[in-house]
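Before any comments, here is the structure.
Number of protein chains: 2
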Amino acid sequence: MSKTYSISELASEFDLTTRSIRFYEDQELLHPTRRGQTRVYSSKDRVRLKLTIRGKRLGFSLAEIRELFELWDETRSGSKKQLHLMLSKIAERKAALDQQMKDITMVQLELESAEIRCRQALEELNEKGPHETQTEDERTSTSEKTATSSSATMH
Amino acid sequence: MSKTYSISELASEFDLTTRSIRFYEDQELLHPTRRGQTRVYSSKDRVRLKLTIRGKRLGFSLAEIRELFELWDETRSGSKKQLHLMLSKIAERKAALDQQMKDITMVQLELESAEIRCRQALEELNEKGPHETQTEDERTSTSEKTATSSSATMH
DNA sequence: AAACAAGTTTACGTTAACGTAAAGCAATAG
DNA sequence: CTATTGCTTTACGTTAACGTAAACTTGTTT
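This is the structure we're talking about:
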């Protein structure tokens, strides 16, 4: 049958503790079967775990994630009402994600303008008195992209 | 001088409780002055509050947000070392935001494919047996964009 | 057989981000 | 004057998401 996983395999793959994985099961995000008393995770469980992690990174609570999973399962044999409910939940989530996208681009603009200020300050320090030893200048990002923003400032 | 705000003004504008705002001050995210014993917020405080809220929506902890504010302040009279530290912190945040962007687009794809499945299931129900009354069909999103994804599935 | 690794359950501890009183000052309305 | 409204401090309570420890089973290695 399609591949299965042990709890420690999943733990190391996704860099979680086994405690967390069992906790997710307790919260009904995962439904592993048992061989004896040992948990056996299907690839469906693995996918759900991955989705759970992504959801978490996006600030969703475990309860919200669980709700989506449940709705999704009910969708299979869903009545019209269920399907419409699911659709509205999906719309909710979409809206939340759109808002997050906006937030991210705003904060990215903030960070870029902050970065520019930092680099300017550094230049000025280098002209006036290049005293402190410079470990190594990083060309990390910046990339002469142009100065997009200007309106979004911190102070 | 430039405008000031009361705690309840800010609370209603950003839909927070005054408790939260005072808590943010306790965590040194805000530094209002006092008229008598009453807090007076500057427009700088207001901006910081807005940034705090955005940061929170993105999953940053109050401690992290505070760290960025502090670094930013030190940047003004910053030594080279401080400036470089700030730059590296900025890079950290940028990386985190990039990851979040990816997460969001992944989840959006999931949601869209889920939505498509829902709508198909609805169509099938409508063909086979349109029994339940339909309150009102929503044209909300969908927009015949095409079926972009297909690889990312839940089950 | 003894020990070790990997898994299990049970249960109390911890941190972050507030909620929720309780009790008191200050100004203004009636 | 006193009543209400808005602000304040102090402090204990709460929820989510695990961490941590203890004590036990099961299988495997030496």
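Just so you know, the protein sequences line up as chains A and B, in that order. Heads up: take any position in the first sequence, counting from 1, add 39, and you land on the working numbering. Heads up: take any position in the second sequence, counting from 1, add 39, and you land on the working numbering. Glycine is no exception: its CB is placed at the ideal position from the N, C-alpha and C atoms.
Indicate the three-state DSSP secondary structure (helix, strand or coil) for residue i in the structure shown.
i                           : result
threonine 43 of chain B     : strand
phenylalanine 99 of chain A : coil
glutamate 67 of chain B     : coil
leucine 110 of chain B      : helix
aspartate 54 of chain B     : coil
serine 59 of chain B        : helix
Any idea if residue i is buried or exposed, counting beta-carbon neighbours within 10 angstroms, 16 or more meaning buried?
i                        : result
glutamine 138 of chain A : exposed
arginine 73 of chain B   : exposed
glycine 117 of chain A   : buried
threonine 78 of chain A  : In the sequence as displayed, the identity of residue 78 of chain A is arginine instead of threonine. Counting Cβ neighbours within 10 Å, arginine 78 of chain A comes out buried, since at least 16 surround it.
aspartate 84 of chain A  : buried
threonine 56 of chain B  : exposed
arginine 132 of chain A  : buried
arginine 87 of chain B   : buried
threonine 114 of chain B : buried
Within the continuous beta strand (DSSP E) that includes residue i, where are the two ends?
i                    : result
serine 81 of chain A : 77-81
Along the alpha helix (DSSP H) that carries residue i, what are the first and last residues, could you check?
i                       : result
threonine 72 of chain B : Note, threonine 72 of chain B: premise wrong, no alpha helix (DSSP H); beta strand (DSSP E) at 72-74.
leucine 164 of chain A  : 119-167
Legend entry - Residues in the segment 111-134 of chain B having any Cβ partner in chain A nearer than 9 Å: Trp111, Asp112, Thr114, Arg115, Gly117, Ser118, Lys119, Lys120, Leu122, His123, Met125, Leu126, Ser127, Ile129, Ala130, Arg132, Lys133
Inset, instruction - Closer than 9 Å, Cβ to Cβ, to anything on chain A: give me those residues from the segment 145-161 of chain B, in chain order. - result: Met145, Val146, Gln147, Glu149, Leu150, Glu151, Ala153, Glu154, Arg156, Cys157, Arg158, Ala160, Leu161
Legend entry - Touching by the beta-carbon criterion (3+ pairs, under 8 Å), the segment 104-113 of chain B and the segment 83-95 of chain B: yes
Inset, instruction - Decide yes or no for the touch test of the segment 154-162 of chain A against the segment 118-136 of chain B: beta carbon pairs closer than 8 Å, at least 3 of them. - result: yes
Legend entry - contact_flag[the segment 135-150 of chain A, the segment 141-148 of chain B] where n(CB pairs < 8 Å) is 3 or more: yes
Legend entry - Contact residues within the segment 89-100 of chain A, judged by C-beta distance below 8 Å to chain B: Leu90, Arg93, Gly94, Arg96, Leu97, Gly98
Legend entry - Positions along the segment 66-85 of chain A whose CB lies within less than 8 Å of some CB in chain B: Lys83
Inset, instruction - Compile a chain-ordered list of the residues in the segment 41-67 of chain B whose CB is closer than 9 Å to at least one CB of chain A. - result: none
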